[in-house]
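Okay, so the sequence shown: first residue is 1 according to full-length UniProt numbering, each after it adds one. Reviewing the structure listed below.
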Amino acid sequence: MILKKIYDSTCKKWIDIRTFGQVFPFKGAGNNLSTNVRGCMSLWGATSLDVIDVQEIISIKSTNLNETEKGRKDSASFFHRYMVHKAAYVTYGSIYCQLAEKNNFTEEDAEKIHQALITLFEGDAAAMRPAGTMNVQKVYWWKHNCKTGQYPQIKVFKTLDIQPQKEYPFFTVTETPLPDLTPEVYTL
């Protein structure tokens, strides 16, 4: 009963738990309990459309205060960074309706996920990833007319023929829609 309350309260409070899931381990009074929330969204790791060219950049620290045992400066004044100048990556994902219902995942939650995906790199900058150098170009979102899906996921994903291209945005997409299933396309 207590695990059900934890499940319900965490799903109610946090969109990331409703969406992606979480394991909750508990310890106490000789009862080691745990419960988990299975997330309703599955999101694959992104893969590049083409072979990427990784550039190694060796930088020098501006100061090196570390000394070796012999009183000399430590040679750790160099460090390596890696940069990819141009690439296009693709990822796929799904929302499982049965788990969405169980987790109280709503249409409003789905809209928040759309916006989070399309603005993924806003405010996310680093020395080797300066602001504005990475972005999400498009998010294709299909809504099926039944809980089990009108078509298998792989068939839906294959309606997009995504090919690499040498110039920005480094890819082209050709859509081949399935009957009665047209994607919404979100762009930045």
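Glycine included, every Cβ here is placed at the ideal spot set by N, Cα and C. If you're wondering where the values come from, they're calculated on a predicted model, not measured in any experiment.
Since residue i and residue j should fall inside the 8 Å C-beta cutoff, what is the C-beta to C-beta distance between them, to a whole number of angstroms?
i	j	result
residue 117	residue 136	6 Å
residue 153	residue 144	No, residue 153 and residue 144 are not in contact; Cβ-Cβ is about 10 Å, not under 8 Å.
residue 50	residue 164	4 Å
residue 178	residue 159	6 Å
residue 52	residue 80	With a Cβ gap of about 17 Å, residue 52 and residue 80 do not count as contacting.
If you count every other CB in all the chains shown that lies within 10 Å of the CB of residue i, and 16 or more means buried, which is it?
i	result
residue 103	buried
residue 113	buried
residue 26	exposed
residue 37	buried
residue 54	exposed
What does the alpha-carbon distance come out to for the pair residue i and residue j?
i	j	result
residue 176	residue 182	9 Å
residue 97	residue 147	5 Å
residue 170	residue 86	8 Å
residue 48	residue 95	23 Å
residue 93	residue 13	23 Å
residue 111	residue 100	14 Å
So residue i is in the beta strand (DSSP E); what residue range does that whole segment cover?
i	result
residue 144	Taken as a continuous stretch (DSSP letters only), residue 144 belongs to no beta strand (DSSP E), as it is neither H nor E.
residue 26	21–26
residue 186	184–187
residue 43	41–43
Flag this pair as yes or no: are the beta carbons of residue i and residue j separated by less than 8 Å?
i	j	result
residue 6	residue 24	yes
residue 109	residue 15	yes
Can you name the start and end residues of the alpha helix (DSSP H) that residue i belongs to?
i	result
residue 85	From DSSP, residue 85 is part of no alpha helix (DSSP H); its letter is neither H nor E.
residue 115	107–118
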